[in-house]
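**Q**
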Amino acid sequence: MRPHVNQRQARVLELVRARGSVRVADLARELGISPVTLRRDIEAMAARGEVQRVHGAISRVEQGRPPGTPRPVPAAAGGRGGAGLVVGMVVPTTEYYYADVVRGAREAVEARGARLTVGLTRYLPGEDRTQADRLLSTGAHGLLLTPNWEAGSPGPGEGAWTAGLPVPTVLVERWAPPGHPAAALDRVSSDHAHGAARAVQHLVGLGHRRIALASRTTPTTARLRAGYEAAVAALGLEPAPPWPPTGPGPLSDADLFARALEYLYGAVTTGGVTAALIHSDTDAIMLIPRLQARGVRVPEDLAVITYDDEVAGMADVPLSAVAPAKHEVGARAANLLLDRLTGGDPLPDTPRRHLDLLPRLTIRS
Numbered sequence: 000m001r002p003h004v005n006q007r008q009a010r011v012l013e014l015v016r017a018r019g020s021v022r023v024a025d026l027a028r029e030l031g032i033s034p035v036t037l038r039r040d041i042e043a044m045a046a047r048g049e050v051q052r053v054h055g056a057i058s059r060v061e062q063g064r065p066p067g068t069p070r071p072v073p074a075a076a077g078g079r080g081g082a083g084l085v086v087g088m089v090v091p092t093t094e095y096y097y098a099d100v101v102r103g104a105r106e107a108v109e110a111r112g113a114r115l116t117v118g119l120t121r122y123l124p125g126e127d128r129t130q131a132d133r134l135l136s137t138g139a140h141g142l143l144l145t146p147n148w149e150a151g152s153p154g155p156g157e158g159a160w161t162a163g164l165p166v167p168t169v170l171v172e173r174w175a176p177p178g179h180p181a182a183a184l185d186r187v188s189s190d191h192a193h194g195a196a197r198a199v200q201h202l203v204g205l206g207h208r209r210i211a212l213a214s215r216t217t218p219t220t221a222r223l224r225a226g227y228e229a230a231v232a233a234l235g236l237e238p239a240p241p242w243p244p245t246g247p248g249p250l251s252d253a254d255l256f257a258r259a260l261e262y263l264y265g266a267v268t269t270g271g272v273t274a275a276l277i278h279s280d281t282d283a284i285m286l287i288p289r290l291q292a293r294g295v296r297v298p299e300d301l302a303v304i305t306y307d308d309e310v311a312g313m314a315d316v317p318l319s320a321v322a323p324a325k326h327e328v329g330a331r332a333a334n335l336l337l338d339r340l341t342g343g344d345p346l347p348d349t350p351r352r353h354l355d356l357l358p359r360l361t362i363r364s
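Numbering-wise (numbering that gives the first Met the number 0), the sequence shown opens with residue 0 and increments by one.
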């Protein structure tokens, strides 16, 4: 190697050994070199066993551990324990829906003597991978991941990186279709399709035969619609008016709300709809008084069940709601990951698990 290459790589090695790990982009800026040049140096250094490459970062090689192998589980961990382990969790937010998911994971992790560290993505493109790399570089032994997949599952060519992570990984409230690399990962999620179908069944039991689904586009929507449509077909119900097609370009929150309001108003006044499943609670609480102001009585003209059950019970007239088992999803996912890490049940070499938890329907008068 040329002298300046030797010096540059020696400086890289010095920084990585001092810090434990560092992001490639940050290191390139600090050294004043291009990322392309730095990646060539890293490839050469990794081939010599001097550093370990992790997605978007590099870390020092621990003595006696071959590069590229997962970080070892602390010797104190065993059976159903987990003392000394660090579990990394990547979620879009710790507010609203995910507050309970994170709380469930944290309580399960701490109950077994381990520690939970959290990375937030705020639904920014590519941020889930950045946060996963950051948690790995700071010592996570395993990951709980909720990637930013708009439909709840990855699109073509999306998300394959999750299957190549060097530590045990569990998808949380996300799922991958058969054949996708991420489909081989452990997964714990809510069965939203069952939740939607359960709401339809209840409304049918009250005598309704034309039931609508009103939902913005979220990672939950596709599953809700699948369960709703399956229940409508299985129960022989009259179809509700179709949800209006999305126009060109993204819509603002105000436009999306107005779209839902117009759909429900038309569905009741001209479409024969007498009941609706509305996702989410906050939308329902805002929609109902606007419908009433236009002459649609709730529940006389339109019976409503909401989905999520975050604030449905706090409406001026408490609303019946379907509640995904958010806390239990977080706890089950954390325990499944810790079992993988500690050699409990399931053992690390047993088949992966896809666990769907059924939401609850809470009826409020």
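Glycine included, C-beta positions come from ideal geometry on N, C-alpha and C.
Could you check the C-alpha separation between residue 99 and residue 144 for me, to the nearest Å?
**A** So the alpha carbons of these two residues sit roughly 15 Å apart.
**Q** Could you say which of 257, 360, 352 lies nearest to residue 181 if we only look at CA atoms?
**A** Closest option to residue 181, Cα to Cα, is 352.
**Q** Expressed to the nearest angstrom, what Euclidean distance is found between the alpha-carbon atoms of residue 333 and residue 309?
**A** Roughly 22 Å separates the two Cα atoms.
**Q** Only counting runs of 3 or more residues, tell me where the beta strand (DSSP E) segments fall wholly within the region 254 to 332, in order along the chain.
**A** Whole beta strand (DSSP E) segments, 3+ residues: 274 to 278, 302 to 306, 319 to 322.
**Q** In three-state DSSP terms, what is residue 190?
**A** Residue 190 falls in the coil class under three-state DSSP.
**Q** Which residues does DSSP list as the beta-bridge partners of residue 88?
**A** Partner(s): 117, 143.
**Q** With three or more C-beta pairs closer than 8 Å as the rule, is the region 207 to 214 touching the region 270 to 290?
**A** The region 270 to 290, when compared against the region 207 to 214, does touch it at the 8 Å Cβ threshold.
**Q** May I ask you to report which of helix, strand or coil DSSP gives residue 356?
**A** Three-state result, residue 356: strand.
**Q** Would you give the residue range spanned by the alpha helix (DSSP H) that residue 129 belongs to?
**A** Start and end: 126 to 136.
**Q** With 16 other CB atoms within 10 Å as the buried threshold, where does residue 147 fall?
**A** So residue 147 counts as buried.
**Q** Quick one: Cα of residue 64 to Cα of residue 132, how far?
**A** Residue placement at residue 64 cannot be trusted, given a pLDDT of 49 that sits under 50; the coordinates are not used to answer.
**Q** Can residue 274 and residue 207 be called in contact, C-beta distance under 7 Å?
**A** Yes. Within cutoff.
**Q** Any heavy atom of the ligand NAD closer than 6 Å to the CB of residue 204?
**A** No copy of the ligand NAD appears in this structure; indeed no ligand is present at all.
**Q** Quick check: what's the CA-CA separation for residue 360 versus residue 59?
**A** The straight-line gap from Cα to Cα measures roughly 50 Å.
**Q** To the nearest angstrom, how far is the alpha carbon of residue 46 from that of residue 164?
**A** One C-alpha to the other measures close to 19 Å.
**Q** CB-CB under 7 Å to residue 289, same chain, minus the five flanking residues each way: which ones, in chain order?
**A** Counting only Cβ-Cβ distances below 7 Å, and skipping sequence neighbours, we find 260.
**Q** Quick check on DSSP: helix, strand or coil for residue 22?
**A** It is a strand residue.
**Q** What is the rounded straight-line gap between the Cα of residue 327 and the Cα of residue 5?
**A** Computed Cα separation, rounded: 53 Å.
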